[in-house]
Amino acid sequence: MNRFAAIAATTAIAIVASAHIGSPNVVFDGNAGAYPVRVIVRPPEVVPGLAEVIVRVEATDAQQVLIRPVFWRTGARGAPAGDEMRRVAGEDRVYTGQLWLMAYGAYSVYVTVSGARGSGTAIVPVNSLATGRLPLAPALGGILVVLGGLLVAGLLTIVRAAAGESLVPPGEAFDAAKRRRANLVTAVAGPVLALAMFGGAKWWKAEDTSYQRRMYGSPAAVPTMTVDATHRTLRLAVHDTAKFQAIYAPVAPDHGKMMHLFLVRLPDMDAFAHLHPVQSDSLIFNGEVPALPPGRYRLFGDLALENGLSLTVTNTLDLPDAKGAVAPSDSDDAWTVSPSVARLAPQAATSLGDGFTITWHGDSTLLAGRVTDLRFIVRDAKGVVAQLRPYLGMAAHAVVLRDDESVFIHLHPMGTVAMVSQQAFALRDRGDTTAGGRLRPEALAADAMPAMSMSGELTFPYEFPKPGRYRIWVQVKPDRRVLTGTFDVDVR
Amino acid sequence: MATLVSSIPDYQSRTITRTAVTTRLWHAYTLVFAAVCVMVGVYWDISWHMSIGRDTFWTPAHLLIQAGGLIAGISSGYVALKTTFAGTTAEREASVHFWGFRAPLGAWLSIWGCGAMLTSAPFDNWWHNAYGLDVRIISPPHAVLAIGIFAIVIGAVLLTLAQQNRADERTQRGLAWVLALTGGMLIMNFALFLTEYGEGRMMHSAFFYQVTAAAFPLALAAMGRAIKLRWAATSAAACFTVMMLVLMWFISLFPATPKLGPIYQHITHMVTLSFPLLVIVPAFFFDLVFHRFDGKLGTLALASILGVTFVVTFVAAQWPFATFLVESPLARGRLFNAHNYVYWMNPRYEALTRRFDPPSPGEWPFTIQLLIAMGIATLTSAIGLARGRWMTRVRR
Chain A
1 MNRFAAIAAT TAIAIVASAH IGSPNVVFDG NAGAYPVRVI VRPPEVVPGL
51 AEVIVRVEAT DAQQVLIRPV FWRTGARGAP AGDEMRRVAG EDRVYTGQLW
101 LMAYGAYSVY VTVSGARGSG TAIVPVNSLA TGRLPLAPAL GGILVVLGGL
151 LVAGLLTIVR AAAGESLVPP GEAFDAAKRR RANLVTAVAG PVLALAMFGG
201 AKWWKAEDTS YQRRMYGSPA AVPTMTVDAT HRTLRLAVHD TAKFQAIYAP
251 VAPDHGKMMH LFLVRLPDMD AFAHLHPVQS DSLIFNGEVP ALPPGRYRLF
301 GDLALENGLS LTVTNTLDLP DAKGAVAPSD SDDAWTVSPS VARLAPQAAT
351 SLGDGFTITW HGDSTLLAGR VTDLRFIVRD AKGVVAQLRP YLGMAAHAVV
401 LRDDESVFIH LHPMGTVAMV SQQAFALRDR GDTTAGGRLR PEALAADAMP
451 AMSMSGELTF PYEFPKPGRY RIWVQVKPDR RVLTGTFDVD VR
Chain B
493 MATLVSSIPD YQSRTITRTA VTTRLWHAYT LVFAAVCVMV GVYWDISWHM
543 SIGRDTFWTP AHLLIQAGGL IAGISSGYVA LKTTFAGTTA EREASVHFWG
593 FRAPLGAWLS IWGCGAMLTS APFDNWWHNA YGLDVRIISP PHAVLAIGIF
643 AIVIGAVLLT LAQQNRADER TQRGLAWVLA LTGGMLIMNF ALFLTEYGEG
693 RMMHSAFFYQ VTAAAFPLAL AAMGRAIKLR WAATSAAACF TVMMLVLMWF
743 ISLFPATPKL GPIYQHITHM VTLSFPLLVI VPAFFFDLVF HRFDGKLGTL
793 ALASILGVTF VVTFVAAQWP FATFLVESPL ARGRLFNAHN YVYWMNPRYE
843 ALTRRFDPPS PGEWPFTIQL LIAMGIATLT SAIGLARGRW MTRVRR
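So the sequence lines, in the order shown, correspond to chains A and B. Counted the way my numbering counts, the first sequence spans residues 1 to 492. Counted the way my numbering counts, the second sequence spans residues 493 to 888.
If you want it as structure tokens, here you go:
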């Protein structure tokens with residue numbers, strides 16, 4: 001595992017605003033046919049660019065691992081033949097490879113594992129968005145200036161020779177009159193060349209501006225509150241802000257909900273809610289805010305689109321006091337107020353309420369840039385590992401937020417990917433979409449949920465993008481209510 | 493067709509010495525060979541990106557371009573060192589000074605071109621990292637590379653020209669054909685760089701004729717004047733057309749599948765550039781104009797005639813041919829290559845290629861725009877004529 005983690009840490013982590021704020025890398029735990037796999041995808045900051053892919057196959061009998069970049073519009077039919085991944089020296093289960101993501105939008109990395117137990121494919125959705133821009137390093141800039149200077153000086157010398165000495169027949173003298181003429185031409189060529197270089201610089205600047213316009217900008221989420229005796233209603237209007245249109249396809253239900261909205265009270269993060277506002281128009285969502293204390297909140301709205309793209313919108317919200325009891329608008333809404341925050345310490349049990357406890361069983365030292373298993377065990381009052389009920393189709397949900405709000409992610413035991421994004425690709429390949437890529441709703445509804453463990457022993461694979469203090473909320477449904485455990489961790 | 497021009501006084505004004513001609517003939521041929529390598533490599537590379545997509549530093553097309561650049565740079569560097577430190581009197585007398593060294597002008601230009609090509613490499617690499625791998629031809633680092641390639645081709649032209657301008661009549665005839673080849677490469681250089689403005693669907697818009705007017709008359713006027721063939725511009729354009737056609741037909745014979753996605757066109761063989769532009773038609777009329785008016789009119793008057801000639805004859809030829817390429821199913825075969833869809837061409841774009849671009853909103857009337865194209869062609873013809881006049885005088 002250490003070797004695997006070391007490989008996982010070899011690339012610098014891009015800290016960029018992207019889907020799942022500040023945490024663009026994808027971690028997926030699942031199956032490729034009979035083979036359990038963990039897939040890490042580090043998307044490039046530029047498009048087209050190279051994505052790093054690391055696959056760990058939890059079996060020793062895998063013979064070949066192929067990866068393919070699949071773009072949502074063309075599906076697997078429009079993907080190039082798979083690239084065979086390279087097995088890492090000294091490791092019999094870890095493979096590495098690179099894939100070109102050529103277009104903007106939703107991609108999936110198809111990981112196909114073949115071996116004695118047959119062949120199977122895992123679909124790992126990844127957003128292909130331009131999120132960064134490489135500045136010109138001073139050293140390279142210096143080299144280019146020197147080379148450019150030499151080229152300019154050389155060209156002027158050539159112009160002078162072309163206008164003068166080259167016209168003198170062999171054996172004849174390069175007299176003063178011809179020399180003067182050559183100098184004159186060179187003197188004229190200088191400003192012309194300078195003008196051409198100025199034009200080149202303007203062109204470069206224009207290209208840079210045009211690139212920045214194509215960069216991903218987080219869509220805006222504009223909240224409006226209305227309060228009366230029985231309602232405290234949040235209306236959230238979402239729209240693209242950047243020239244690059246991220247919300248290109250309609251919103252699709254993920255775990256049956258059109259939006260997963262998280263509210264965290266600032267600055268102490270002492271109140272937390274996971275709500276599901278109802279879509280009243282294509283990009284307008286309405287929902288009741290139940291018993292949260294008033295104050296300033298940071299909101300994060302997770303959206304999945306029919307083309308497989310998953311986005312997070314964010315804003316701050318001033319929550320007024322409720323004038324009466326407010327009923328949640330969705331039965332799966334869950335919240336917690338003034339929780340007892342546990343430091344992540346091995347074997348430290350924290351009360352979840354209703355007699356249940358949650359205990360952290362992960363690594364005692366967390367390092368940024370390495371895939372970590374965030375392991376928790378939920379026990380009942382007797383200390384027995386609880387059997388969980390599905391909450392939104394999953395055994396558990398976790399939300400990770402850095403204390404400066406620069407990193408936010410919504411995790412499941414399967415990792416960072418949105419399940420509906422996987423479905424979007426599978427349905428596209430199966431032909432259950434329109435030519436333009438629209439999902440047929442009945443196909444989505446008919447798509448069976450994969451079988452998953454409902455044990456109270458939970459693992460969330462995640463790669464912290466940078467050091468710092470993070471808060472983690474873990475949500476489970478061991479009985480009738482959704483219970484939330486809250487933890488603080490320091491990542492080095 | 494290849495009748496030698498002997499009526500232009502400039503061509504016969506100097507006494508020729510055989511030794512001066514033959515001392516560095518190998519170098520002229522080497523530079524021409526290097527330029528051919530680069531141009532074939534560039535064509536192949538564009539085709540590679542249209543068909544396979546994924547590349548490395550070591551693709552055969554890249555190696556051919558780099559080999560061409562290095563052959564030009566190293567052979568010219570050798571000539572410079574030898575002329576400077578161990579040159580014969582004849583060699584030194586047929587050279588120019590450059591920062592304390594001596595070599596013919598063409599050698600310096602090709603060394604400079606090699607330097608520009610080398611400079612473009614780290615620039616291009618950074619560009620890909622900063623803005624993504626480009627799938628375009630026109631970008632600032634590619635412009636630096638293209639200027640380097642231009643310089644190598646022009647270096648080959650100048651070196652051969654200097655030989656031609658000093659040579660006796662018999663040697664001139666052979667060299668003139670080598671020059672026609674280099675002229676063809678010069679036209680090809682313009683054509684490749686303007687590929688993105690030269691799609692069939694654009695050929696009924698005035699902008700296409702303005703862009704082509706900004707490039708081709710320059711090469712045609714210069715080569716028409718400088719090469720000592722009766723049909724000089726036509727010969728250069730013929731070389732361009734033959735090179736483009738041979739590459740188009742030959743490279744497309746090879747099987748290829750895309751290694752990048754999304755793939756909208758499931759191609760099975762190398763996709764090559766479209767049928768070459770019919771530059772040969774205005775080239776032929778340029779030669780006719782030269783035969784009738786060169787030496788009788790001033791540069792500006794001659795350039796005006798050439799400018800109008802270029803636009804009128806090029807529109808007359810390319811316009812109906814574009815109709816055939818865009819609309820006729822007969823064009824979509826190996827011969828005319830109008831179905832050369834790159835793998836990333838989506839169905840919506842593919843549909844656009846089957847009709848001509850409509851005029852942009854608020855665009856000036858077509859006739860006004862063609863007049864502008866004629867103005868541009870006049871200007872580039874004038875520059876070309878001046879260049880051609882200078883080229884006939886290059887002796888070193």
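C-beta: ideal position from N, C-alpha, C; glycine also.
When you compare only the Cα positions, how much space is there between residue i and residue j?
i	j	result
F300 (chain A)	F356 (chain A)	28 Å
S23 (chain A)	G675 (chain B)	55 Å
V649 (chain B)	G199 (chain A)	27 Å
G415 (chain A)	I21 (chain A)	15 Å
W591 (chain B)	A153 (chain A)	10 Å
E58 (chain A)	C529 (chain B)	50 Å
R481 (chain A)	M394 (chain A)	14 Å
V513 (chain B)	L167 (chain A)	Annotation note: pLDDT 49 at V513 (chain B) (below 50); position unreliable, no value reported.
R56 (chain A)	Y95 (chain A)	6 Å
A520 (chain B)	V670 (chain B)	9 Å
P36 (chain A)	A451 (chain A)	13 Å
R270 (chain A)	V337 (chain A)	Contrary to the premise, residue 270 (chain A) reads as Asp rather than Arg in this sequence. Distance between the alpha carbons of D270 (chain A) and V337 (chain A): 6 Å.
L667 (chain B)	R784 (chain B)	25 Å
L739 (chain B)	V420 (chain A)	48 Å
A161 (chain A)	G605 (chain B)	16 Å
For residue i, return the contacting residues in chain B, with the cut-off set at a CB-CB distance below 9 Å.
i	result
V46 (chain A)	H620, N621, A622, Y623, G624, L625
V53 (chain A)	Ordered by position in chain B, no residue passes the 9 Å Cβ test against V53 (chain A), which lies about 15 Å from the chain.
T112 (chain A)	The contacting residues do not exist; T112 (chain A) stays about 15 Å from chain B at best.
Strictly below 8 Å CB to CB, what residues from chain B border residue i?
i	result
M102 (chain A)	G545, L625, V627, L752, G753, P754, W836
Quick one: which chain A residues come within Cβ less than 7 Å of residue i?
i	result
L601 (chain B)	I158
P774 (chain B)	Per Cβ cutoff of 7 Å: no residues; P774 (chain B) is ~27 Å from chain A at best.
W591 (chain B)	T157
R717 (chain B)	Per Cβ cutoff of 7 Å: no residues; R717 (chain B) is ~15 Å from chain A at best.
For residue i, return the contacting residues in chain A, with the cut-off set at a CB-CB distance below 9 Å.
i	result
S567 (chain B)	Under the 9 Å cutoff, chain A gives no residues; its nearest Cβ is about 17 Å from S567 (chain B).
T760 (chain B)	The contacting residues do not exist; T760 (chain B) stays about 13 Å from chain A at best.
L597 (chain B)	I158, A161, A162, E165, S166
P614 (chain B)	L140, I143, L144, L147
G607 (chain B)	L147, L150, L151, G154
If the cut is a Cβ gap below 8 Å, which residues of chain A does residue i touch?
i	result
L586 (chain B)	Before going on, a small fix: residue 586 (chain B) reads as Ala here, not Leu. Within 8 Å Cβ-Cβ: P170.
V611 (chain B)	Residue identity check: residue 611 (chain B) is Thr in the sequence provided, not Val. Going along chain A in sequence order, the residues near T611 (chain B) (Cβ under 8 Å) are L144, L147, G148, L151.
V886 (chain B)	A162, S166, L167
A477 (chain B)	Any answer about residue 477 (chain B) is impossible in this case: the structure gives chain B only from 493 up to 888.
Quick one: list the residues of chain B neighbouring residue i, beta-carbon separation under 7 Å, in chain order.
i	result
F71 (chain A)	G753, P754
W203 (chain A)	P632
G78 (chain A)	G753, P754, I755, Y756
Please check the pair residue i and residue j, which I expect to be a contact at CB under 8 Å, by giving their CB distance rounded to whole angstroms.
i	j	result
L401 (chain A)	V264 (chain A)	6 Å
R232 (chain A)	A334 (chain A)	Wrong, their Cβ atoms sit about 17 Å apart, outside the cutoff.
R469 (chain A)	D403 (chain A)	5 Å
R847 (chain B)	R693 (chain B)	7 Å
P138 (chain A)	A418 (chain A)	Not really, about 41 Å apart at Cβ, beyond 8 Å.
_Length-filtered (4 minimum) alpha helix (DSSP H) runs lying within the segment 744-818 of chain B_ = 772-785
*Going along the chain, which unbroken runs of the alpha helix (DSSP H) with 4 or more residues stay wholly within the segment 646-704 of chain B?*
661-685
*Of all the alpha helix (DSSP H) runs that stay within the bounds of the segment 828-879 of chain B, which reach a length of 4 or more residues?*
839-844
_Please give the ranges of any alpha helix (DSSP H) in the segment 213-300 of chain A, keeping only runs that are unbroken, at least 4 residues long and fully inside the region._
none
*Counting pairs of Cβ atoms below 8 Å between the segment 568-578 of chain B and the segment 596-612 of chain B, do you hit three or more?*
yes
*May I ask you to verify whether the segment 662-682 of chain B touches the segment 829-844 of chain B, counting CB pairs closer than 8 Å and requiring at least 3?*
no
_Within 8 Å, do at least three Cβ pairs link the segment 279-295 of chain A to the segment 234-253 of chain A?_
yes
*Taking 8 Å as the threshold, find out whether the segment 694-710 of chain B comes into contact with the segment 643-663 of chain B through three or more Cβ pairs.*
no
*asked:* Does the segment 178-195 of chain A come into contact with the segment 101-110 of chain A, if we say contact requires no fewer than three beta-carbon pairs (one atom in each stretch) closer than 8 Å?
replied: no
*Count the CB pairs spanning the segment 83-91 of chain A and the segment 28-47 of chain A that are closer than 8 Å, and state whether there are at least three.*
no
*Write down every uninterrupted run of the beta strand (DSSP E) in the segment 572-639 of chain B whose length is 3 residues or greater and which is fully enclosed by it, in chain order.*
588-590, 593-595
*the segment 233-251 of chain A contacting the segment 215-223 of chain A, beta-carbon criterion three pairs below 8 Å*: yes
*Do the segment 108-118 of chain A and the segment 67-77 of chain A meet, that is, are 3 or more Cβ pairs less than 8 Å apart?*
yes
*Should the segment 822-834 of chain B be called in touch with the segment 727-747 of chain B, which here means at least 3 C-beta pairs below 8 Å?*
yes
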